[in-house]
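Working notes, structure below.
Number of protein chains: 2
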Amino acid sequence: MALEHAILVALLEQPASGYELARRFDRSIGRFWTASHQQIYRVLKRMETDGWVAAEQVGQEGRPDKRRWSAAPAGRTALADWLRAPVQPEAVRHELAVKIRGAAFADRAGRATLVAEVERYRADHEALLARYLAGERRDFPDAAARDARAALQHVVLRGGIAYERMVLAWLDDVLATLRALDH
Amino acid sequence: MALEHAILVALLEQPASGYELARRFDRSIGRFWTASHQQIYRVLKRMETDGWVAAEQVGQEGRPDKRRWSAAPAGRTALADWLRAPVQPEAVRHELAVKIRGAAFADRAGRATLVAEVERYRADHEALLARYLAGERRDFPDAAARDARAALQHVVLRGGIAYERMVLAWLDDVLATLRALDH
DNA sequence: TCCTGCTATGCAACAAGTTGCATAGGCAAG
DNA sequence: CTTGCCTATGCAACTTGTTGCATAGCAGGA
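Each protein sequence line maps, in turn, to chains A and B.
If you use the numbering used here, the first sequence corresponds to residues 12 to 194, in order.
If you use the numbering used here, the second sequence corresponds to residues 12 to 194, in order.
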């Protein structure tokens, strides 16, 4: 029930077409909310019938036309109501942790495969951290925030950075533990 | 597609009824995989028809009978196959981060409500960290692991502890940022 | 020239997860 | 003695998310 609200925040920050939204959900917004383009188009349609967003047809040269969506007053109201509501407890779904506990029931070869997988996974997170840090240098070069929006975007990005650093340290712990099992 | 595998790991660690599984998914397993009892009963049924698990009727005094489930050989094989498969990228869904970026479009009163919500959220995570640390002292009192299973359970728990510590530090950062917006 | 990839939007079928409800006995507090 | 909570299992309806496919023009490389 919160993809609607994530889309509202995204459109308030910057109006966009469904396609552009999908790309932003693959990049900056994807740090805290993922969504496929199919989902975004479907939800945008529902939000339009609810009067939360409105589209404007934009013709383009050498490309298909697009519909630029923005948040409508009813959408702003809905967002304000949702912001006042209690934060729902998160649904945790950490596949890697299941696999690690499952490794107790695998043989030596199975554990070796898992170690390789964890290494690959670690490399992905290292690359993600590097991207976040590059984004931080690019978008927030001075410590003092320019305005409320930038300050809030920056603190969310710092959360992503802290998360990735924590994950990397934990994965090192995991690798050491897995390796110690088979000497 | 991974609730099945989380259940298999849980049953290999300790056979249990659907009800007991649901409680464990509310506690230790819930650290990395959440599931409601309705979901667990439904999936257990499917796993039974697939021959992944088998039940044994257990009569109890003063309580309803229960069905104690254990992992069947086909389930062990399925788990081993899954352990060898690549780790899927996680679907991130962090409602609080959406709300924080959304706070840029709220008024002073709306932001004050959010600050109160973040404080409550922080208290919940502080309590969770305390529970993890108590569980660690209880279940892993000596640094050297007794066996593979304990070592792997412990490293997953350390991940939960690291995560909660990171979240608490970040929430302090968030609170300071939110408060600085309105002096 | 053909093949791949990008922009741009969308439908349909399916899988997974949530919410609400139902049953039913025992046990403890008020 | 009634009300609520715990154990124990489960169905049905609904919402959300995933996978696969379709269309269509343009650009760039093999």
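From the three backbone atoms N, C-alpha and C, an ideal C-beta is built for every residue, glycine too.
- Message: Once the 5 residues before and after A:Leu-83 are set aside, which same chain residues still bring their CB inside 7 angstroms of it?
- Response: Reading off the sequence shown, one finds Ala at residue 83 of chain A, where the question assumed Leu. These residues qualify, in order along the chain: Gly-62, Trp-63, Val-64 and Ala-65.
- Message: To the nearest angstrom, how far is the alpha carbon of B:Ala-159 from that of B:Pro-26?
- Response: 19 angstroms
- Nearest residue (CA-CA) to B:Tyr-143, options B:Arg-57, B:Glu-101 and B:Arg-42: B:Arg-42
- Message: Just checking B:Gly-113 against the ligand GDP - is the residue's beta carbon closer than 7 angstroms to any of the ligand's heavy atoms?
- Response: Judged by which ligands are present, the structure shown has none, so any question about the ligand GDP falls away.
- Item | Same chain, Cβ closer than 7 angstroms to B:Ile-111, neighbours up to 5 away in sequence not counted | Val-185
- 7 angstroms CB neighbourhood of A:Tyr-52 in its chain, flanking five on each side removed: Gly-29
- Which bits of chain A does B:Ile-51 rub up against, with CB to CB less than 7 angstroms? What B:Ile-51 touches in chain A: nothing, since even the nearest Cβ is about 15 angstroms away.
- Item | Residue environment, A:Ala-102, which counts as buried when at least 16 other CB atoms sit within 10 Å | exposed
- Message: Check whether chain A comes within 8 angstroms of B:Gly-62, counting only Cβ atoms and requiring the distance to be less than that.
- Response: no
- Simplified DSSP assignment, three categories, for B:Arg-149: helix
- Where does the unbroken alpha helix (DSSP H) through B:Val-185 begin, and where does it stop? 159 to 192
- In terms of residues, what are the limits of the beta strand (DSSP E) holding B:Arg-79? 77 to 82
- Query: What's the gap between the Cα of B:Leu-19 and the Cα of B:Leu-94?
  - Reply: 12 angstroms
- Message: Strictly under 8 angstroms for the Cβ-Cβ distance: is B:Thr-45 near chain A by that measure?
- Response: yes
- Is B:Gln-50 helix, strand or coil by DSSP? helix
- Task: State the Cα-Cα distance for the pair A:Arg-122 and B:Asp-193, rounded to the nearest angstrom.
- Result: 53 angstroms
- Length of the line joining the Cα atoms of A:Ala-85 and B:His-136: 34 angstroms
- Item | Within the segment 100 to 148 of chain A, ranges of the alpha helix (DSSP H) (whole runs, at least 4 residues) | 106 to 113
- Task: Would you please state the rounded distance, in angstroms, between the beta carbons of A:Ile-40 and A:Ala-13? I believe it to be under 8 angstroms.
- Result: Actually they are not in contact, since the Cβ atoms of A:Ile-40 and A:Ala-13 sit about 12 angstroms apart, beyond 8 angstroms.
- Message: Relative to the C-alpha of A:Leu-90, which candidate in B:Leu-139, B:Arg-34, B:Leu-189 and B:Ala-117 has its C-alpha closest?
- Response: B:Ala-117
- Query: Whose Cβ in chain A lies nearer than 8 angstroms to the Cβ of B:Arg-157?
  - Reply: Simply none; closest approach about 12 angstroms.
- B:Trp-41: contacting residues in chain A (beta-carbon distance under 8 angstroms): A quick correction: the sequence has Gly, not Trp, at residue 41 of chain B. Neighbours of B:Gly-41 on chain A, chain order: Val-103.
- Query: Under a CB-based cut-off of 8 angstroms, is B:Trp-181 close to chain A?
  - Reply: yes
- Item | Bridge partner(s) assigned by DSSP for A:Ala-65 | A:Ser-81
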